[in-house]
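Note that UniProt numbering has the sequence shown beginning at 1, numbered continuously upward.
Everything on this sheet refers to the single structure shown next.
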Amino acid sequence: MSVNEANNPRFSGPPPVHGGEPGSHQRELVLRMMPMPSDANGNGDIFGGWIMAQVDIAGAVLPARIARGRITTVAVNQLIFKQAVSVSDLLSFYATVERIGTTSVTVHVEVYAERNPADPKTVKVTEANLTYVAIDRDGRPRPIVKAPAPAPAPLTGA
Numbered sequence: 001m002s003v004n005e006a007n008n009p010r011f012s013g014p015p016p017v018h019g020g021e022p023g024s025h026q027r028e029l030v031l032r033m034m035p036m037p038s039d040a041n042g043n044g045d046i047f048g049g050w051i052m053a054q055v056d057i058a059g060a061v062l063p064a065r066i067a068r069g070r071i072t073t074v075a076v077n078q079l080i081f082k083q084a085v086s087v088s089d090l091l092s093f094y095a096t097v098e099r100i101g102t103t104s105v106t107v108h109v110e111v112y113a114e115r116n117p118a119d120p121k122t123v124k125v126t127e128a129n130l131t132y133v134a135i136d137r138d139g140r141p142r143p144i145v146k147a148p149a150p151a152p153a154p155l156t157g158a
């Protein structure tokens, strides 16, 4: 977030949070896209299916990192379109890991649109919950290998 965004009351988006360990419940910016005229529906708004596809791509980033291998989408548990998206809106997709199971990872994705560069405003346009499953080379579910706990810091003598 720029200094201008931080001091701008019209900016209603979340502060970008980067990093964090899988399962830390920290929001991470995982994708930025600008829809084009070819992504619009007959009414001139961006087609909901296009947004859903981008949500699926964004939602897969953290589960793929956690699973350390191939994953597949098994459920879109919830998808809410809060506002229409327009051509030239700059979309920012933020993901948060909600749950890590034996073979699956559930994430929450929020989509914010930065609009009207002359009088900037950022609004939440979509949010979703998705579940991904780690799969082996034959497409069967496989266990997610948990990352080992960090080693304790060595003791120093005084």
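In this text, a Cβ means the ideal position worked out from N, Cα and C, and glycines have one as well.
Per the DSSP secondary-structure output, M33 pairs in a beta bridge with L91.
DSSP, read as helix, strand or coil, puts Q78 in strand.
In this structure, the straight-line span from the alpha carbon of N77 to that of H108 is close to 10 Å. DSSP, reduced to helix, strand and coil, places R70 outside both helices and strands of the structure shown, so it counts as coil. With respect to the C-alpha of S88, the residue from S104, R32, D56 having the closest C-alpha is R32.
Per the DSSP secondary-structure output, V105 pairs in a beta bridge with I100, Y132. The beta-carbon separation of V111 and V125, rounded to 5 Å, stays under the 8 Å limit for a contact.
Excluding five sequence positions before and after L90, the CB atoms of its chain that fall closer than 6 Å to its own CB belong to M34, E114, given in chain order. Secondary-structure assignment with DSSP links P141 through a beta bridge to I135.
Nearest neighbour of T73 by Cα position, chosen from T131, T156, G139, P141, turns out to be T131.
Of the residues assessed, I80 falls on the exposed side of the cut-off, its CB having fewer than 16 other CB atoms within 10 angstroms. Collapsing the DSSP output to three states places A58 in a helix. Under the three-state reduction of DSSP, A84 is assigned to coil, being neither helix nor strand.
In this model, S38 and F47 are separated by some 9 Å (Cα to Cα).
Nearest to N41 by alpha-carbon distance, out of P120, I135, V85, is V85.
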